[in-house]
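Peer 1:
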Amino acid sequence: MRALFSPRSRSSLPLAAALALLATSALAQQTEPQQTDPVPPPPAVGDNAQNPPPEAKATAVPQVDLLAALQSALRTHPSVQSARQKLTASNYELDAAEYRLYPTPAIDLGAISGSSRSNGNQTSISVTQPLYAFGRYTSAIDAAESRVSAATVAIDEAQLDLMDQTVTAYYEVVKAEARLAVQNRFVDQHRDLRDTVERRLKAEVGSESDLVLAQTRLSQAQNDRSLIEAQVKKARNTLMNLTSLNAAQVVPPAQLDAPFRSEEAFQSKALAYSPNLKRLRAESIALKQDAAVAWANTKPQLVLRAERVESNVPTPYADNRLITALQYQPGAGFSAGSVAQAAEAKAVAAELDIRSAQLKLTERVSTVYSDLTANLTQARNLERVLRLNNDFFQSMLRQFQLGKRSWLDVLNALRDSNQSELGYATAAADAQLNSRRALLLSGQLEAVVDAGKGAAQ
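Just so we're aligned, residue 1 is where the sequence shown starts under the working numbering, counting upward by one.
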């Protein structure tokens, strides 16, 4: 008799375990200062450059880090819970398959109707043990075991998919909040410029058209900020739906370098790790065993049956029997052969599904790697552009004060600086997102939240 497996003993859940092991290192990270943006924000303009406003008192707001978001999603999301329930069902199906090796008891209670002397009752109790069935029972057990393996890996697959969604949602919040901080500075700069023009107009050294232009640009900046605020709210709602955590602020994770030096190394790691491919391979084995069962059902089976029959027709009697029988049940209309051919076709389709999944994974890995490379290049270029635009804006402001540039030149220079800073914030966040997605696809789970373990390969 093959060993019976319980759902508890089969569910290893390596993804959740890996995250649990990271709790200690994550707590240590929280005590360290977070890395700051390597690009300084544009300097203040107008009178606030000499007299900066007093800083507002810091207020405590609920914060969520990436590790807490991942752990909460894995603990509460219904997709993972559903996968675990399917594993439980697979274990029970394996139990049922293994119990078919035991004798099958049966009780028949019958009433006989016929002539007046043939009316009465008959009872039979039997136990039937299969002796040889061309592998239909052992193949069924093998298929059930493969489905347990597939269901176990399916938990990892559900967790990996949920982690990818959570990391993506988390970085959407990080990106939106970074863009909002940039836009807030942009609005403050425009407000300072507007106030400066108002004072110049009162001193009769400015023009009304300059004030109208400054107010128009300020209104545009405020409108753009409202759009980014809506993006922040939407991103937070998405993250909350995945994690069941309601946080007013997320903690940007530590910066990661590119985890792979070549796409080939990334492809190799991802193909070797993929829970989706492992699940499909296990399901393919199960379908092959199903085909073996179906073909065995087209053949007879040898059974041993012990039974006791008691009847009162025509007179009371009892009889004990030991029967060796050859049973053959080809199905309605001899359909067993068609069922076997259908099962064999499903097994072939499963092999093709594996090849299709490999192609999709290869394409996905290539896309992530290409996006990551592009994001890193954009971030480096935009960092240089941002510094140049900041310097150019300050130059335009000084030349305006000397009467060599128009007010429109100053506002255009400030707009260019803002656009480059928004682009840099977007590219930097996307680079970190794709770095962590690459780590997830390659199975480097600890490095997703621990930057010290994300060495390039």
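No residue lacks a Cβ here, since even glycine has one placed at the ideal position from N, Cα and C.
Please report the Cβ distance between Pro-252 and Val-174, rounded to the nearest whole angstrom; I am assuming they are in contact, meaning their Cβ atoms lie under 8 Å.
Peer 2: For the purposes of this step, residue 252 is taken as residue 252 along the sequence shown, with counting starting at 1. For the purposes of this step, residue 174 is taken as residue 174 along the sequence shown, with counting starting at 1. Pro-252 to Val-174, Cβ: 5 Å. Contact.
Peer 1: Of the choices Lys-346, Leu-422, Leu-402 and Leu-397, whose alpha-carbon is the least far from that of Gln-378?
Peer 2: Here the question's residue 378 lines up with position 378 in the sequence shown. Comparing Cα positions, the closest option is Leu-422.
Peer 1: Name the two residues that bound the continuous alpha helix (DSSP H) containing Pro-103.
Peer 2: Taking the sequence shown and counting its residues from 1, the one referred to as residue 103 is at position 103. Element bounds for Pro-103: n/a, residue is neither H nor E.
Peer 1: Considering only the alpha carbon of each residue, which of Ile-285, Gln-301, Asn-119 and Ser-126 lies closest to Leu-352?
Peer 2: Residue 352 sits at position 352 when you count from the first residue of the sequence shown. When only C-alpha atoms are compared, the closest one is Ile-285.
Peer 1: For the stretch 334-352 against the stretch 277-297, do three or more pairs of beta-carbon atoms, one drawn from each stretch, fall closer than 8 Å, so that the two count as touching?
Peer 2: Flag = yes, the stretch 334-352 and the stretch 277-297 touch.
Peer 1: Mind checking which residues open and close the alpha helix (DSSP H) that includes Ser-139?
Peer 2: Translated into positions along the sequence shown, residue 139 becomes position 139. Run containing Ser-139: 136-202, per the alpha helix (DSSP H) assignment.
Peer 1: If you measure between the beta carbons of Ala-307 and Ala-318, is that distance less than 7 Å?
Peer 2: Position 307 of the sequence shown, counting from 1, holds the residue named residue 307. Position 318 of the sequence shown, counting from 1, holds the residue named residue 318. Here the sequence assigns Glu to residue 307, which means Ala is not the residue at that position. It is not a contact, given that the beta carbons lie outside the stated cut-off.
Peer 1: What separation, rounded to the nearest whole angstrom, lies between the Cα atoms of Leu-227 and Gln-81?
Peer 2: For this step, residue 227 is matched to residue 227 along the sequence shown. For this step, residue 81 is matched to residue 81 along the sequence shown. The alpha-carbon atoms of Leu-227 and Gln-81 are separated by roughly 36 Å.
Peer 1: Fully enclosed by the stretch 227-315, which beta strand (DSSP E) runs are 3 residues long or longer?
Peer 2: As far as the stretch 227-315 is concerned, its whole beta strand (DSSP E) runs of at least 3 residues are 301-311.
Peer 1: Between the alpha carbons of Pro-275 and Arg-147, how many angstroms are there, rounded?
Peer 2: Within the sequence shown, residue 275 is the residue found at index 275, counting from 1. Within the sequence shown, residue 147 is the residue found at index 147, counting from 1. Looking at the two C-alpha atoms, the distance is approximately 14 Å.
Peer 1: Do Ala-97 and Ala-140 have their CB atoms nearer than 7 Å?
Peer 2: What you label residue 97 is simply residue 97 of the sequence shown in a count that begins at 1. What you label residue 140 is simply residue 140 of the sequence shown in a count that begins at 1. Yes. Within cutoff.
Peer 1: Mind the definition here: the stretch 66-78 touches the stretch 236-243 only if three or more C-beta pairs lie below 8 Å; say whether that holds.
Peer 2: Cβ pair count under 8 Å is three or more, so yes.
Peer 1: Using the Cα positions of Pro-105 and Arg-84, report the straight-line distance between them to the nearest angstrom.
Peer 2: For the purposes of this step, residue 105 is taken as residue 105 along the sequence shown, with counting starting at 1. For the purposes of this step, residue 84 is taken as residue 84 along the sequence shown, with counting starting at 1. Taking the straight line from one Cα to the other gives about 33 Å.
Peer 1: Is Asn-434 helix, strand or coil by DSSP?
Peer 2: What you label residue 434 is simply residue 434 of the sequence shown in a count that begins at 1. Three-state DSSP puts Asn-434 in a helix.
Peer 1: Our contact map puts Lys-86 next to Ala-154 with C-beta atoms below 8 Å; I'd like the distance itself, whole angstroms only.
Peer 2: Taking the sequence shown and counting its residues from 1, one reaches residue 86 at position 86. Taking the sequence shown and counting its residues from 1, one reaches residue 154 at position 154. About 7 Å; that satisfies the 8 Å criterion.
Peer 1: How would you label Asn-389, buried or exposed, when you count the other beta carbons within 10 angstroms and need 16 or more for buried?
Peer 2: The residue given as residue 389 occupies position 389 in the sequence shown. It counts as buried.
Peer 1: Short check: CB of Gln-63 to CB of Gln-189, under 7 Å?
Peer 2: As a working mapping, residue 63 is identified with position 63 in the sequence shown. As a working mapping, residue 189 is identified with position 189 in the sequence shown. Their beta carbons are not under 7 Å apart, which means Gln-63 does not touch Gln-189 by this criterion.
Peer 1: Quick check on Ser-82 - is its C-beta less than 7 Å from some C-beta in chain B?
Peer 2: Here there is only one protein chain, and chain B is not present.
Peer 1: Since Ala-357 and Leu-277 are thought to touch, with beta carbons under 8 Å apart, how far apart are those beta carbons, to the nearest angstrom?
Peer 2: For this step, residue 357 is matched to residue 357 along the sequence shown. For this step, residue 277 is matched to residue 277 along the sequence shown. Ala-357 to Leu-277, Cβ: 6 Å. Contact.
Peer 1: Can you name, in chain order, every residue of its own chain whose Cβ lies under 6 Å from the Cβ of Ser-124, other than the five neighbours on each side?
Peer 2: If you number the sequence shown from 1, residue 124 lands on position 124. If we look at Ser-124 and ignore the five residues flanking it on each side, its Cβ neighbours are Asp-108, Glu-307 and Val-309.
Peer 1: Restricting to Cα atoms, I'd like to know which of Ala-325, Arg-179, Thr-88 and Asp-391 is closest to Arg-225.
Peer 2: Counted from its first residue, the sequence shown places residue 225 at position 225. For Arg-225, the nearest C-alpha among the options comes from Arg-179.
Peer 1: Quick one: residues in its chain with C-beta nearer than 6 Å to the C-beta of Tyr-369, no 5 flanking neighbours on either side, listed in chain order?
Peer 2: Sequence index remark: in the sequence shown, residue 369 carries index 369 (1-based). Excluding sequence neighbours, Tyr-369 sits near Glu-263 and Phe-266.
Peer 1: Indicate whether Arg-501 and Gln-220 have their beta-carbon atoms separated by less than 7 Å.
Peer 2: Outside the displayed span of the chain (1 to 457) sits residue 501, for which this structure offers no information.
Peer 1: With a threshold of 8 Å on Cβ separation, who are the neighbours of Leu-211 within its own chain once the five nearest residues in sequence on each side are excluded?
Peer 2: Within the sequence shown, numbered from 1, the residue matching residue 211 stands at position 211. Only Arg-194, Val-197, Glu-198 and Leu-201 meet the Cβ criterion.
Peer 1: Taking just the CA atoms, how far does Thr-238 sit from Ser-366?
Peer 2: Within the sequence shown, residue 366 is the residue found at index 366, counting from 1. Within the sequence shown, residue 238 is the residue found at index 238, counting from 1. Rounded to the nearest angstrom, the two C-alpha atoms are 26 Å apart.
Peer 1: Could you check what DSSP says for Gln-129 in three-state terms: helix, strand or coil?
Peer 2: Counting from one through the sequence shown, the residue named residue 129 turns up at place 129. Three-state DSSP puts Gln-129 in a strand.
Peer 1: Do you know offhand how far Asp-416's Cα is from Ala-282's?
Peer 2: If you number the sequence shown from 1, residue 416 lands on position 416. If you number the sequence shown from 1, residue 282 lands on position 282. Roughly 55 Å between the two C-alpha positions.
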